[in-house]
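Residue numbers (our numbering), protein chains in the order written: chain A, 1 to 280; chain B, 1 to 352; chain C, 1 to 267. From the three backbone atoms N, C-alpha and C, an ideal C-beta is built for every residue, glycine too. Report on the structure given below.
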Amino acid sequence: MNNQSTRFTIFVCIIAVPVVLVIIPIANFFLMSFWKMESNQIVESASFGNYLYFFSSPAYWGTFLSTLYLCLKVSAIGVLVGYPVAYFVWKRKGRVKYLLILLLILPLFMSYIVKIYTMRTILDLSGILNKLLVAFHILEEPSRQFIYNQTAILITMAVIFLPFVILPIFLSLERIPKNLVTASSDLGAGTLTTLRYVILPLSLPGTVSGALFTFVLALGDFVTPQMVGGPNGFTFGRVIWSQFGLAYNWPLGAALAVILFATALMTIIAAGWASQQRKV
Amino acid sequence: MTLYLDGVSKNYGDVEVLRPISLEVSNGELLTVLGPSGSGKTTILRLIGGFIAPTCGRILLDGKDLSTTHISKRPFNTVFQDYALFPHMTVEQNVGYGLMVKGCPKEKMKQVVNEALDVVGLSDFPGRYPAELSGGQKQRVALARTIVCEPQIVLLDEPLSALDAELRRQMQFFLKSLQRKIGTTFLFVTHDQQEAITISDRLVVINHGGVEQVGTPKEIYYSPKTKFVAGFFGDNNLLDGQLTASGSIETPLGTIPSLQGSNLKTSKVIVAMRPELFRIGKREGAFNIDCQVQNMDFAGDMNFLRLSPKLDSDRTLLVKLSSDPSVPNLDVNGDATISIKLEDIAVLDNPR
Amino acid sequence: MHKTNTEHLIDVFLGLITAGTFFVLYMPIVVNSIFSLVPSDRNGIHWGEASFEWYWRLLENESVIAAIKTTLIVSVIAVAIAAILAIILAIYVEWEGAVFQRTIELVVYTPFLMPPIITGLSLLMFFDRIGISRGEATIIVGHTALVLAVLYRLVLTRLRAMPHTLVEASADLGATRLQTFRYVVWPQLRPAVITGAVLAMAVSFDETLITVFLAGDTTTIPLRLWGMMRVGFKPEINALVTIVLLVSIIMAVITAIRIKPAEGNEE
Ligand SMILES: Nc1ncnc2c1ncn2[C@@H]1O[C@H](COP(=O)(O)OP(=O)(O)O)[C@@H](O)[C@H]1O
Ligand SMILES: [Mg+2]
Numbered sequence: 001m002n003n004q005s006t007r008f009t010i011f012v013c014i015i016a017v018p019v020v021l022v023i024i025p026i027a028n029f030f031l032m033s034f035w036k037m038e039s040n041q042i043v044e045s046a047s048f049g050n051y052l053y054f055f056s057s058p059a060y061w062g063t064f065l066s067t068l069y070l071c072l073k074v075s076a077i078g079v080l081v082g083y084p085v086a087y088f089v090w091k092r093k094g095r096v097k098y099l100l101i102l103l104l105i106l107p108l109f110m111s112y113i114v115k116i117y118t119m120r121t122i123l124d125l126s127g128i129l130n131k132l133l134v135a136f137h138i139l140e141e142p143s144r145q146f147i148y149n150q151t152a153i154l155i156t157m158a159v160i161f162l163p164f165v166i167l168p169i170f171l172s173l174e175r176i177p178k179n180l181v182t183a184s185s186d187l188g189a190g191t192l193t194t195l196r197y198v199i200l201p202l203s204l205p206g207t208v209s210g211a212l213f214t215f216v217l218a219l220g221d222f223v224t225p226q227m228v229g230g231p232n233g234f235t236f237g238r239v240i241w242s243q244f245g246l247a248y249n250w251p252l253g254a255a256l257a258v259i260l261f262a263t264a265l266m267t268i269i270a271a272g273w274a275s276q277q278r279k280v
Numbered sequence: 001m002t003l004y005l006d007g008v009s010k011n012y013g014d015v016e017v018l019r020p021i022s023l024e025v026s027n028g029e030l031l032t033v034l035g036p037s038g039s040g041k042t043t044i045l046r047l048i049g050g051f052i053a054p055t056c057g058r059i060l061l062d063g064k065d066l067s068t069t070h071i072s073k074r075p076f077n078t079v080f081q082d083y084a085l086f087p088h089m090t091v092e093q094n095v096g097y098g099l100m101v102k103g104c105p106k107e108k109m110k111q112v113v114n115e116a117l118d119v120v121g122l123s124d125f126p127g128r129y130p131a132e133l134s135g136g137q138k139q140r141v142a143l144a145r146t147i148v149c150e151p152q153i154v155l156l157d158e159p160l161s162a163l164d165a166e167l168r169r170q171m172q173f174f175l176k177s178l179q180r181k182i183g184t185t186f187l188f189v190t191h192d193q194q195e196a197i198t199i200s201d202r203l204v205v206i207n208h209g210g211v212e213q214v215g216t217p218k219e220i221y222y223s224p225k226t227k228f229v230a231g232f233f234g235d236n237n238l239l240d241g242q243l244t245a246s247g248s249i250e251t252p253l254g255t256i257p258s259l260q261g262s263n264l265k266t267s268k269v270i271v272a273m274r275p276e277l278f279r280i281g282k283r284e285g286a287f288n289i290d291c292q293v294q295n296m297d298f299a300g301d302m303n304f305l306r307l308s309p310k311l312d313s314d315r316t317l318l319v320k321l322s323s324d325p326s327v328p329n330l331d332v333n334g335d336a337t338i339s340i341k342l343e344d345i346a347v348l349d350n351p352r
Numbered sequence: 001m002h003k004t005n006t007e008h009l010i011d012v013f014l015g016l017i018t019a020g021t022f023f024v025l026y027m028p029i030v031v032n033s034i035f036s037l038v039p040s041d042r043n044g045i046h047w048g049e050a051s052f053e054w055y056w057r058l059l060e061n062e063s064v065i066a067a068i069k070t071t072l073i074v075s076v077i078a079v080a081i082a083a084i085l086a087i088i089l090a091i092y093v094e095w096e097g098a099v100f101q102r103t104i105e106l107v108v109y110t111p112f113l114m115p116p117i118i119t120g121l122s123l124l125m126f127f128d129r130i131g132i133s134r135g136e137a138t139i140i141v142g143h144t145a146l147v148l149a150v151l152y153r154l155v156l157t158r159l160r161a162m163p164h165t166l167v168e169a170s171a172d173l174g175a176t177r178l179q180t181f182r183y184v185v186w187p188q189l190r191p192a193v194i195t196g197a198v199l200a201m202a203v204s205f206d207e208t209l210i211t212v213f214l215a216g217d218t219t220t221i222p223l224r225l226w227g228m229m230r231v232g233f234k235p236e237i238n239a240l241v242t243i244v245l246l247v248s249i250i251m252a253v254i255t256a257i258r259i260k261p262a263e264g265n266e267e
């Protein structure tokens, strides 16, 4: 029996699939990021031209920075709203708790495109948001400030990605042993004290990693800016996307994607590190 | 059938979990491998079963090397410590599994399975799932599952350790009688000395991955060959001794006259005296020890007597006396002399 | 348990935030379903004219039907391939003591962790480089890479929960490797694979950001919807949207029901 070489062959076959599906394509676009476009033709000559171009044109790195800021705000809103909600649901008991969390993550399963589209109809000049605001006399008349700009992108992303923040927070709350909470109130701590000194610290790692993953999701999104951002709503994802569409500059797109990749990778590593800090 | 382990050892990386051992397992016996937890018992079973390969040495079945024989082709079957019953199969399907995978016809299979269930006393619920069985019943299913394969050796890895004391005793008896009935060789692993002594024809005591002693339960119990074996069974009284030129042994509790039949290799020796072999009172031709009584505990069928010898009062000797109501109680703090017959004293080498 | 006044206030406050969240999350869905049944235009909503008319119109729309077909074909094939790969990979990693185990896992999870745009454009450039033109096949590859992570995770979790002695017992009783897989391992994995497949289907049905890079002239339901929405408002869209939502909710509920008892059992 040639056990050793049989095993090696099996190993190679199994590894081949993820390698072909993931590693080679990624290596390929890293390589292509050093090439350039000349009269609508991709020229295979290595240089840092695309990267230099990115760093020397404020339009590009400006968009990159403002996108980072936008995604940060999306994550922050997610945590600010998501934490209280996750906490509230976690405090419920039995079936109610399970049902509520289920309903909160159910929207994740619903068509992404459709959610963006409905957000657009809601935020539009004749949308429900404006109708409500006018009805409650908060606005004199319907306003365009909620649609086809960066605000629209922020609101839409915040709504769409909210369940992605709630779920990890809820799961990290669930991991806290109930007797810790009981022990704390046994020792005379009120709800707020327990929250401050027991629950918050213990659920922090999960919360941070949840927020960071949402950050990555928002970072790569290009459909939301395209649909609700209008002509001014450019984000880094949308800029990359356009290099593969009308702008047609794959090498530049690849270079920008490498920058996106690096940013996402660092964020994911940070998230991984955060979730390892958990003590329960 | 003879199974022979020829200098078999096992290393994990640099750690030698089993030192080279040679062992013969002969037909129809119930051989027990006994040792404390972590001593390498499971490793021995897994080597024989073919789940792991030896680092050195060979395993021979009737002279044929088994090293290239896959688990599924070895004529041994294992009863696992956690039973390893297939949770999605009924009792009947579990028991028939070995026949099913070998393509046995349905009719024949049903008949053999029923017979096996009969033997283990489980013919009432062939349709149950493992989750619906008690520990003892699972155990029986696991046994039935192996015996339908008609193995030459059944390997049992601490099969009773998950059961409570009462059930354990029943199962020990059951296992032994089952083994007698079907006449198959059983290789049984346990860390429980009592269990090992009760059910085995022969015992292999191992410690730290090496064999300490092989023998019948009586040999192991009354004539331990190493300090570990002497100390492993019950509450043996152990003394350090010094062999003199005349053949007698100096101990802190006095001199023991020369013993017959002992072939000692070192001058430093260990003297082992079983607590149940002492009698109260001086006797001619025996080893007598003057003591003060510390306490006496009544334990139903036994009296446990603790005494401190006059010659070495920091030491405590334990004596077990069968509780005979006519024997008067000894006074605590009173004097007593205990005696043990010279042939009941075990003396063994103390290499260190 | 007694609750003090402050605790009550906090509870009420948090409850309000939660209610608000539900409102925000579910409003889009409710709005949509209403508009798919009730016609509306610049003059307002015509409640009286509610009908299923737009659903019937949809059936006559050939490009929509084609998109539905593509979506189904793509997801069934991608999920099937990914399931087989996931089982092999998980068994290999867990039992065979695979070399580079961590690395393999990292690679499998990459398409799921990285922004989809990375997976999309890297595969696009890769296929372009080796001269494969875009179409159903390339979408299938992209979806396989994506859902492999989901299936792998679920299969691996199930595999870890299964005592390895079951496999040893099977071999011990004389079964070949294939028999052991068929009679012992597969029955144990089946529930996890089915759950994973449903989840993966839901992901695949909805996948947009990778698909758009790999589709070429082919369209799937999300791409078709995106196209229709770019053109402008049509009640037809709402009808399609409602169907899509219904299907995804059903899948989500199936997954939830299947995962729940499993959670209860794993102490
Ligand atoms: N796969 C393994 N890798 C490394 N060490 C092992 C492995 N299996 C067992 N050991 C070690 O070998 C020793 C003997 O184990 P085992 O045979 O299971 O003992 P026992 O069954 O007597 O309790 C233990 O110290 C254990 O830690
Ligand atoms: Mg063991």
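Those runs of the beta strand (DSSP E) which lie wholly inside the region 187-271 of chain B and span at least 3 residues: Fully enclosed beta strand (DSSP E) runs of 3 or longer: 202-207, 210-215, 237-243, 249-251 and 254-256.
T42/B Cβ short of 7 Å to ligand 2 heavy atom set: Indeed, a heavy atom of ligand 2 lies less than 7 Å from the Cβ.
Test: M157/A CB closer than 8 Å to a CB of chain C: Output row for M157/A: interface = no.
Cβ shell of S248/C (< 8 Å), same chain only, five flanking positions each side left out: Within the same chain, S248/C has close Cβ partners A202, F205 and D206.
Bridge partner(s) assigned by DSSP for P309/B: Note: P309/B sits in a beta bridge opposite C291/B.
Which listed residue (L61/B, V205/B, F233/B and T244/B) has its alpha carbon closest to that of R274/B: When each option's Cα is compared against that of R274/B, the closest is F233/B.
Alpha helix (DSSP H) runs contained entirely in the region 204-241 of chain A, provided each spans 4 or more residues: Counting only runs of 4 or more, we get 223-228.
Within chain C, partners of V101/B - CB distance below 9 Å: Those are S170, L173, G174, A175, T176, Q179, T180 and Y183, listed as they occur along chain C.
Distance between G142/C and L25/C (C-alpha atoms, nearest Å): About 29 Å.
Rounded distance between the beta-carbons of F261/A and L217/A, thought under 8 Å: That belief does not hold up - the Cβ atoms of L217/A and F261/A are roughly 14 Å apart, past 8 Å.
For C13/A, three-class secondary structure by DSSP: In this structure, C13/A counts as helix in the three-state DSSP scheme.
C-beta atoms of K10/B and L45/B nearer than 8 Å: Not a contact, by the Cβ cut-off of 8 Å.
Stretch-stretch touch, CB-based, cutoff 8 Å, three pairs: the region 310-330 of chain B with the region 150-157 of chain A: Cβ pair count under 8 Å is below three, so no.
Cα-Cα separation, L212/A to G272/A: Near 9 Å, if we compare the C-alpha coordinates of G272/A and L212/A.
Same chain, Cβ closer than 6 Å to N333/B, neighbours up to 5 away in sequence not counted: Counting only Cβ-Cβ distances below 6 Å, and skipping sequence neighbours, we find nothing.
Straight-line gap, V165/A to T193/A (C-alpha atoms, nearest Å): Distance from the CA of V165/A to the CA of T193/A, rounded to the nearest whole angstrom, comes to 24 Å.
Span of the beta strand (DSSP E), counted from its first residue to its last, around M37/A: K36 to E38 is the span of the beta strand (DSSP E), which, as asked, contains M37/A.
R177/C, DSSP secondary structure in three states: Collapsing the DSSP output to three states places R177/C in a helix.
Endpoints, beta strand (DSSP E) assigned at R58/B: For R58/B, the uninterrupted beta strand (DSSP E) segment begins and ends at C56 to L61.
Closer than 7 Å: E166/B CB and nearest ligand 2 heavy atom: Taking 7 Å as the cut-off, one finds no heavy atom of ligand 2 near enough to the beta carbon of E166/B.
Positions along the region 23-57 of chain A whose CB lies within less than 8 Å of some CB in chain C: So the close ones are I23, I24, P25, I26, N28, F29 and M32.
For Q139/B, the first and last residue of its enclosing alpha helix (DSSP H): Here the alpha helix (DSSP H) through Q139/B covers G135 to I147.
Separation of N61/C from W54/C, as counted between CA atoms: The alpha-carbon atoms of W54/C and N61/C are separated by roughly 11 Å.
Cβ distance (whole Å) where F30/A is taken to contact V258/A below 8 Å: The C-beta distance from F30/A to V258/A rounds to 6 Å, short enough to fall under 8 Å.
Other residues of its chain near L3/B: CB distance less than 6 Å, five sequence neighbours each side excluded: Sequence-distant Cβ neighbours of L3/B in its own chain, meaning closer than 6 Å and more than five residues away, are V25 and L61.
8 Å Cβ cutoff, Y55/C in contact with chain A: Output row for Y55/C: interface = no.
Residues of its chain near I101/A, where Cβ-Cβ distance is below 6 Å and the 5 sequence neighbours each way are ignored: Short of 6 Å from the beta carbon of I101/A, and not among the five residues preceding or following it, lie these beta carbons of its own chain, in chain order: V89 and F170.
Exposure of K41/B, with buried meaning 16 or more beta-carbon neighbours within 10 Å: So K41/B counts as buried.
Run of the alpha helix (DSSP H) containing G50/B, from where it starts to where it stops: Per DSSP, G50/B belongs to no alpha helix (DSSP H) and is neither H nor E.
Proximity test, Cβ basis, 8 Å: E267/C and chain A: Since pLDDT at E267/C reaches only 26, below the 50 mark, its modelled position is unreliable, and no value is offered.
From S122/C, G135/C, W56/C and T110/C, residue whose alpha carbon lies closest to that of I26/A: Taking only the C-alpha atoms, the option nearest I26/A is S122/C.
Within chain A, partners of A145/C - CB distance below 7 Å: Neighbours of A145/C across chain A, judged by C-beta separation under 7 Å: L21 and V22.
Bridge partners - D335/B, DSSP secondary structure assignment: Assignment of beta-bridge partners to D335/B by DSSP yields Q292/B.
Cβ-heavy atom distance, Y12/B to ligand 1, below 7 Å: Yes, the beta carbon of Y12/B sits closer than 7 Å to at least one heavy atom of ligand 1.
Reduced DSSP secondary structure (H/G/I, E/B, other) of M201/C: Correct three-state label for M201/C: helix.
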